[in-house]
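Notes follow once the structure below has been shown.
2 protein chains.
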Amino acid sequence: MATDGESPVRLAAETWESLFRAQVAVMRKLQAGPAFKKVAINEYDVLFTLSRCPSGWLRLNELNDHVLLSQSSLSRLVERLEKRGLVERMAAPEDGRGVLLKLTDAGAELQKDIGREHVRDISGLLGPALTAAEQKELRRLTEKLRHSVGARH
Amino acid sequence: MATDGESPVRLAAETWESLFRAQVAVMRKLQAGPAFKKVAINEYDVLFTLSRCPSGWLRLNELNDHVLLSQSSLSRLVERLEKRGLVERMAAPEDGRGVLLKLTDAGAELQKDIGREHVRDISGLLGPALTAAEQKELRRLTEKLRHSVGARH
DNA sequence: CGTCGATAGATGCATATGCATCTAAATCGG
DNA sequence: CCGATTTAGATGCATATGCATCTATCGACG
Chain U
0 MATDGESPVR LAAETWESLF RAQVAVMRKL QAGPAFKKVA INEYDVLFTL
50 SRCPSGWLRL NELNDHVLLS QSSLSRLVER LEKRGLVERM AAPEDGRGVL
100 LKLTDAGAEL QKDIGREHVR DISGLLGPAL TAAEQKELRR LTEKLRHSVG
150 ARH
Chain E
0 MATDGESPVR LAAETWESLF RAQVAVMRKL QAGPAFKKVA INEYDVLFTL
50 SRCPSGWLRL NELNDHVLLS QSSLSRLVER LEKRGLVERM AAPEDGRGVL
100 LKLTDAGAEL QKDIGREHVR DISGLLGPAL TAAEQKELRR LTEKLRHSVG
150 ARH
């Protein structure tokens with residue numbers, strides 16, 4: 000009946016704590032980069048997500064699942080991006096309540112510019128920290144975690 | 000000269016993306032719990048960090064390294080906690096500029112209450128998602144990442 | 001010592017965020 | 001088909017956040 004000296008609950012708490020702190024540490028560095036003088040990190044996240052969207056158009060509520068922001072905050076964030084000419088709104092054709100979003104050309108270009116720098120910064124932080132195999136394993140574990148958590152509706 | 004079809008830079012970006020999204024997904028669930036009606040998650044984080052501090056007292060600037068908040072925001076967050084009687088301030092004895100922080104009894108009790116529930120929620124999210132071995136590996140990798148990132152002055 | 005640059009925190013001010021609520025459109029039940 | 005419920009998004013309002021700046025202290029150096 001010997002245990003490994005650590006309860007499952009405690010292990011989960013420590014794992015989350017460690018994941019969270021790592022995220023804070025990396026995020027701090029990334030936010031400090033010069034790219035995020037032009038757009039806040041949440042705003043960039045929206046531009047990035049739109050850039051990955053195959054059809055180009057994305058519903059506001061789908062976007063909201065992706066981002067750590069309340070519905071109202073996202074609504075206003077998008078309003079700001081629209082005022083800056085970075086995104087375009089359109090009423091959803093199949094749902095009169097819905098709003099579709101798309102990057103403008105200026106938005107797509109800005110995303111690419113910042114994205115390039117951002118990716119370089121990320122690589123500069125993760126590269127020296129973890130081997131390629133470790134990064135792959137970390138990616139696998141966090142994907143698994145995300146899908147499991149997201150699955151419980 | 001065959002590669003595995005993925006550049007190091009791209010791998011790092013995907014790894015970070017995955018880590019970040021997992022953090023968002025988990026954080027969303029945790030924030031929705033009833034515990035965080037009483038204190039915001041950042042506020043809880045401060046109470047938690049103070050509760051782990053061996054001497055009980057912690058410098059404000061050390062606390063700031065831990066939390067994803069600007070110096071001024073932390074200053075005001077602590078001010079709020081003090082007004083609510085959850086923490087106590089003291090001038091640092093060895094540094095006339097510094098401020099030391101400590102939980103009050105009420106603060107310690109609140110932290111424990113919320114902490115219990117929080118840990119249960121975390122366990123409920125990570126437990127079904129990852130095996131114990133996977134959690135340990137995730138903890139190891141994120142610790143390694145954090146230390147590497149934090150190390151660069 | 002006295003001056004100068006650096007560091008710890010606090011504060012004014014503009015902006016971002018979240019909660020509660022509102023409107024409009026879709027969906028459900030009879 | 002109509003009223004009731006649910007869902008998507010917008011908005012008023014209070015609060016939280018960040019940037020720039022200010023004050024006070026520390027530490028280095030002449």
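So the sequence lines, in the order shown, correspond to chains U and E.
FYI, the numbering for the first sequence is 0 to 152, going by numbering that gives the first Met the number 0.
FYI, the numbering for the second sequence is 0 to 152, going by numbering that gives the first Met the number 0.
Each residue gets a CB set at the ideal place from its N, CA and C atoms; glycine is no exception.
Can you name, in chain order, every residue of its own chain whose Cβ lies under 7 Å from the Cβ of residue 107/U, other than the five neighbours on each side?
Here the question's residue 107/U lines up with position 108 in the first sequence. Within the same chain, residue 107/U has close Cβ partners 50.
Alpha carbon to alpha carbon, how far is residue 133/E from residue 13/E?
Residue 133/E sits at position 134 when you count from the first residue of the second sequence. Residue 13/E sits at position 14 when you count from the first residue of the second sequence. Near 19 Å, if we compare the C-alpha coordinates of residue 13/E and residue 133/E.
Please name the residue, chosen from 33/U, 122/U and 41/U, that lies closest to residue 20/E on a Cα-to-Cα basis.
Within the second sequence, residue 20/E is the residue found at index 21, counting from 1. Among 33/U, 122/U and 41/U, the Cα nearest to that of residue 20/E belongs to 41/U.
Say whether chain U places a C-beta atom closer than 8 Å to the C-beta of residue 71/E.
For the purposes of this step, residue 71/E is identified with residue 72 of the second sequence, where counting begins at 1. For residue 71/E, the answer is no, since every Cβ of chain U falls outside 8 Å of its Cβ.
Unbroken alpha helix (DSSP H) runs of length 4 or more, entirely within the region 30-75 of chain E: which are they?
40-51 and 59-65
Scan the region 13-27 of chain E for residues whose Cβ lies nearer than 7 Å to a Cβ of chain U and list them as they occur along the chain.
13, 14, 15, 17, 18, 19, 20, 21, 22, 23, 24, 25, 26 and 27
Going by the CB atoms, is the gap between residue 121/U and residue 38/U shorter than 8 Å?
As a working note, residue 38/U is residue 39 in the first sequence. As a working note, residue 121/U is residue 122 in the first sequence. For residue 38/U and residue 121/U, no; Cβs fall outside 8 Å.
Which residues, in order along the region 122-141 of chain U, keep a beta-carbon less than 9 Å from a beta-carbon of chain E?
122, 123, 124, 125, 126, 127, 128, 129, 131, 133, 134, 135, 136, 137, 138, 139, 140 and 141
What does a CB cutoff of less than 8 Å around residue 109/U pick up in its chain, not counting 5 residues either side in sequence?
Numbered from 1 along the first sequence, position 110 holds the residue referred to as residue 109/U. Here the set comprises 37, 38, 46 and 85.
Would you say residue 10/U lies against chain E (beta-carbon separation less than 8 Å)?
Within the first sequence, numbered from 1, the residue matching residue 10/U stands at position 11. For residue 10/U, the answer is yes, since a Cβ of chain E falls inside 8 Å of its Cβ.
Quick check on the burial criterion: 16 or more other C-beta atoms within 10 angstroms. Buried or exposed for residue 128/U?
In the first sequence, the residue the question calls residue 128/U occupies position 129. Residue 128/U comes out buried.
According to the Cβ coordinates, are residue 124/U and residue 25/U closer than 8 Å?
Within the first sequence, residue 124/U is the residue found at index 125, counting from 1. Within the first sequence, residue 25/U is the residue found at index 26, counting from 1. Cβ distance < 8 Å, so residue 124/U and residue 25/U count as in contact.
Residue 54/U at chain E interface by Cβ criterion, 8 Å:
As a first step, residue 54/U must be located in the first sequence, where it is residue number 55. With 8 Å as the cut-off, residue 54/U does not count as an interface residue toward chain E.
Using the three-state DSSP reduction, which class does residue 129/U fall into: helix, strand or coil?
In the first sequence, residue 129/U corresponds to position 130, counting from 1. Of the three classes helix, strand and coil, the one that applies to residue 129/U here is coil, per DSSP.
Quick one: list the residues of chain U neighbouring residue 67/E, beta-carbon separation under 8 Å, in chain order.
As a position in the second sequence, residue 67/E is number 68, starting the count at 1. Here the neighbours are 23, 26 and 27.
Within its chain, find whatever has a CB closer than 7 Å to the CB of residue 103/U; leave out the 5 residues flanking it on each side and keep chain order.
The residue labelled residue 103/U in the question sits at position 104 within the first sequence. Within the same chain, residue 103/U has close Cβ partners 84, 85, 86 and 87.
For chain E, find out if any of its Cβ atoms is closer than 8 Å to the Cβ of residue 37/U; answer yes or no.
Translated into positions along the first sequence, residue 37/U becomes position 38. Judged by the 8 Å Cβ criterion, residue 37/U is not in contact with chain E.
From residue 33/U to residue 117/U, what does the alpha carbon distance come to, in whole angstroms?
Mapped onto the first sequence, residue 33/U falls at position 34. Mapped onto the first sequence, residue 117/U falls at position 118. Roughly 9 Å between the two C-alpha positions.
Residue 64/E versus 28/U, 111/U, 93/U and 78/U, residue with shortest Cα-Cα distance:
Within the second sequence, numbered from 1, the residue matching residue 64/E stands at position 65. The residue with the shortest Cα to Cα distance from residue 64/E is 28/U.
Against chain U, does residue 7/E count as a neighbour if the rule is that its beta carbon must be under 8 Å from one of theirs?
For this step, residue 7/E is matched to residue 8 along the second sequence. Residue 7/E counts as touching chain U.
So with CB distances below 8 Å, who are the chain U contacts of residue 32/E?
Mapped onto the second sequence, residue 32/E falls at position 33. Per Cβ cutoff of 8 Å: no residues; residue 32/E is ~13 Å from chain U at best.
In angstroms, rounded to a whole number, what distance separates the CA positions of residue 16/U and residue 90/E?
One-based indexing of the first sequence puts residue 16/U at position 17. One-based indexing of the second sequence puts residue 90/E at position 91. For residue 16/U and residue 90/E, the distance between alpha carbons rounds to 30 Å.
Look at the alpha carbon of residue 78/U and the alpha carbon of residue 139/E, and state the distance between them as a whole number of angstroms.
Within the first sequence, numbered from 1, the residue matching residue 78/U stands at position 79. Within the second sequence, numbered from 1, the residue matching residue 139/E stands at position 140. Using only the alpha carbons, I get a separation of about 41 Å.
Just checking: is the beta-carbon of residue 45/E within a distance shorter than 8 Å of some beta-carbon in chain U?
Locating residue 45/E in the second sequence gives position 46, where the first residue counts as 1. Judged by the 8 Å Cβ criterion, residue 45/E is not in contact with chain U.
When we look at the beta-carbon of residue 105/U and count the other beta-carbons within 10 Å, is it buried (16 or more) or exposed?
In the first sequence, counting from the first residue as 1, residue 105/U sits at position 106. By the 10 Å Cβ count, residue 105/U comes out exposed.
Pick out whichever of 6/U, 31/U, 130/U and 10/U has its Cα sitting closest to the Cα of residue 69/E.
Taking the first residue of the second sequence as position 1, residue 69/E is located at position 70. If we check each option's Cα against that of residue 69/E, 31/U comes out closest.
For residue 145/E, would you say it is in contact with chain U, using Cβ-to-Cβ distances shorter than 8 Å as the test?
Here residue 145/E refers to the residue found at position 146 when the second sequence is read from its first residue. Taking Cβ atoms only, chain U reaches closer than 8 Å to residue 145/E, which makes this a yes.
CB contact check: residue 77/U to chain E, cutoff 8 Å:
Translated into the one-based positions of the first sequence, residue 77/U becomes position 78. No, residue 77/U lies away from the interface with chain E (no Cβ there is under 8 Å from its Cβ).
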